[in-house]
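In UniProt numbering, the protein residues as written are 1 to 337. Accompanying notes for the structure given below.
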Amino acid sequence: MTQSPTVQQRLDDSEPPPGTAVTRFLRGQEVGVIAAVVVLFVVFSTASGNFASTANLQTMGVDLAQYGLLALGVSFVMLTGGIDLSVGSVVAFSAVWSAWLNVHAGLPGSVAIAAALLTGVAIGLVHGFAVTAIGVPPFVTTLVTLVMARGAALAITAGFPIDGIGTAFTDLAQLRVAGVPLPTLIFAVACVIAWLFLERTYPGRQVYAVGGNAEAARLAGIRTNRRIILTYVVSSTCAAAVGVMVAGRLGVGQPSIGTGWELYAIAAAVIGGISLTGGIGRVLGVGFGAILLVCINSGLVILHVSPYYQQIVLGAVLAIAIVTDRLRARSSERKQR
């Protein structure tokens, strides 16, 4: 079956543009985000010597792994034109579920971690099935899970944290490799894998095609439902992995963690250039979008800014990113006319 021009154009857009590597980089929409990261790093380092300290950079690295993995998973869903609001609650459920399996069910830490990841896969499959087979809007589907997963986390623990988790959790979250936190390395590897899949494989380019025009992609022979289901599985699995990491970092399965983290994930993705309407965005931008948010949070904490104002700053940054996304979309529409 021949592909429609719209789908073929979307697939071609994922190919590297002509020119040198430097030229392609300068033409990328991520340049602004990277520049903002550099400027903020210099400003905060100048304002406080503690910002660029080894201890703070390691802490920022772990924070980056948490928010970055969530943003990476959510960006897959957003590339298809969907949204995943459940990731924060899935983080909490994964943390307490894995802790319960380890402490109360007596499973080895590695088995409990694997079970939590598989639970993330199952949640993603449910989301994908609800969206593709039943036709429930992504917003509604993931909103239901946001409520249910949080409720399940509270029900399992009766609202109290589960302590006494095994060393498999703490090793995963607190181990350093040449001074670099293991979660940071895991996030870096996840970014490389995501980049290779989305930009160097045909199924990955099909994800962009589905986000660009799902109906045209289906008529062109692309199995759109499979691609959509895959993205929800990736998102929920990333959230489950973050839950395990946070449990290891805190040393307990805490049911209250992850509240509002879906906003950080979506903000990082949008800041990094992922379009809210789907089909546009790159892994590089998502990574630097997460770095930008982590820099802002860490800088404000070091400067002793009230947490309430931090939320205002997050909202302002997200608003700017959304407006920028819409302006970019309108500019692209005018060029296509």
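For glycine and all other residues, C-beta sits at the position ideal for the given N, C-alpha and C. As the structure is a computational prediction, the values presented were derived from the model and not from experiment.
Secondary structure of residue i, DSSP reduced to three states
{"i": "Ile282", "result": "First, the amino acid is wrong: residue 282 is Arg here, not Ile. DSSP places Arg282 in coil when its eight states are reduced to three."}
{"i": "Pro203", "result": "helix"}
{"i": "Ala305", "result": "The displayed chain sequence assigns Val, not Ala, to residue 305. Correct three-state label for Val305: coil."}
{"i": "Gly253", "result": "strand"}
{"i": "Ala267", "result": "helix"}
{"i": "Ser86", "result": "coil"}
{"i": "residue 361", "result": "Nothing about residue 361 can be reported from this structure: the residues present for the chain run from 1 to 337 only."}
{"i": "Asn50", "result": "coil"}
{"i": "Asn102", "result": "helix"}
{"i": "Glu15", "result": "A caution first: Glu15 carries a pLDDT of 49, below 50, which makes its placement in the model too unreliable to give a value."}
{"i": "Thr237", "result": "helix"}
{"i": "Ile222", "result": "coil"}
{"i": "Thr324", "result": "helix"}
{"i": "Leu26", "result": "Summary for Leu26: the model assigns pLDDT 49, below 50, so the residue's position carries little reliability; its value from the coordinates is reported in the next sentence. Note: Leu26 maps to helix in three-state DSSP."}
{"i": "Gly260", "result": "coil"}
{"i": "Val317", "result": "helix"}
N- and C-terminal bounds of the alpha helix (DSSP H) containing residue i
{"i": "Ser110", "result": "109 to 129"}
{"i": "Ser45", "result": "31 to 47"}
{"i": "Phe76", "result": "54 to 79"}
{"i": "Arg218", "result": "214 to 219"}
Supposed contact pair residue j and residue i - C-beta distance, whole angstroms, cut 8 Å
{"i": "Ser94", "j": "Ala116", "result": "5 Å"}
{"i": "Gly100", "j": "Ile156", "result": "Checking the sequence shown, residue 100 turns out to be Trp, not Gly. Trp100 to Ile156, Cβ: 6 Å. Contact."}
{"i": "Gly289", "j": "Arg282", "result": "Not quite, the Cβ-Cβ distance comes to about 11 Å (not below 8 Å), so this is no contact."}
{"i": "Val74", "j": "Ser236", "result": "About 10 Å separates the two Cβ atoms, so there is no contact after all."}
{"i": "Ala265", "j": "Ala71", "result": "5 Å"}
{"i": "Ala217", "j": "Val210", "result": "5 Å"}
{"i": "Thr184", "j": "Val62", "result": "7 Å"}
{"i": "Ile229", "j": "Gly82", "result": "Not quite, the Cβ-Cβ distance comes to about 11 Å (not below 8 Å), so this is no contact."}
{"i": "Ile271", "j": "Val317", "result": "7 Å"}
{"i": "Ser298", "j": "Met78", "result": "About 25 Å separates the two Cβ atoms, so there is no contact after all."}
{"i": "residue 349", "j": "Leu303", "result": "One cannot answer for residue 349 here, as it falls past the ends of the chain, which runs 1 to 337."}
{"i": "Phe41", "j": "Cys295", "result": "6 Å"}
{"i": "Cys191", "j": "Gly287", "result": "5 Å"}
{"i": "Val90", "j": "Gly243", "result": "7 Å"}
{"i": "residue 371", "j": "Ala241", "result": "Residue 371 lies beyond the range of the chain shown here (1 to 337); nothing can be said about it."}
{"i": "Thr80", "j": "Gly278", "result": "6 Å"}
Classification of residue i by the beta-carbon crowding that lies within 10 angstroms, buried from 16 upward
{"i": "Asn50", "result": "exposed"}
{"i": "Pro255", "result": "buried"}
{"i": "Val39", "result": "exposed"}
{"i": "Asp171", "result": "exposed"}
{"i": "Asp163", "result": "exposed"}
{"i": "residue 338", "result": "Within the shown structure, residues of the chain are numbered from 1 to 337, placing residue 338 beyond reach of any answer."}
{"i": "Ile134", "result": "exposed"}
{"i": "Phe76", "result": "buried"}
{"i": "Ala268", "result": "buried"}
{"i": "Ser110", "result": "exposed"}
{"i": "Leu175", "result": "exposed"}
{"i": "Tyr232", "result": "buried"}
{"i": "Val147", "result": "exposed"}
{"i": "Ala173", "result": "buried"}
{"i": "Glu262", "result": "buried"}
{"i": "Pro307", "result": "exposed"}
{"i": "Gln206", "result": "buried"}
{"i": "Phe160", "result": "exposed"}
{"i": "Glu30", "result": "buried"}
{"i": "Val309", "result": "The amino acid occupying residue 309 in the given sequence is Tyr; Val does not appear at that position. It is exposed - the Cβ of Tyr309 has fewer than 16 other Cβ atoms within 10 Å."}
{"i": "Ile312", "result": "exposed"}
{"i": "Ala105", "result": "exposed"}
Neighbour flag for residue i against chain D, beta carbons, 7 Å
{"i": "Pro181", "result": "In the displayed structure, chain D is absent; only one protein chain is listed."}
heavy atom of the ligand SAH below 6 Å from residue i C-beta
{"i": "Trp97", "result": "Inclusion of the ligand SAH in the displayed structure is not the case, the ligand content being empty and no account of it being possible."}
*Hey, which unbroken runs of the alpha helix (DSSP H) at 4 residues or more fall wholly within the region 123 to 189?*
Listed in chain order, the complete alpha helix (DSSP H) runs (minimum 4 residues) inside the region 123 to 189 are 138 to 157, 167 to 174.
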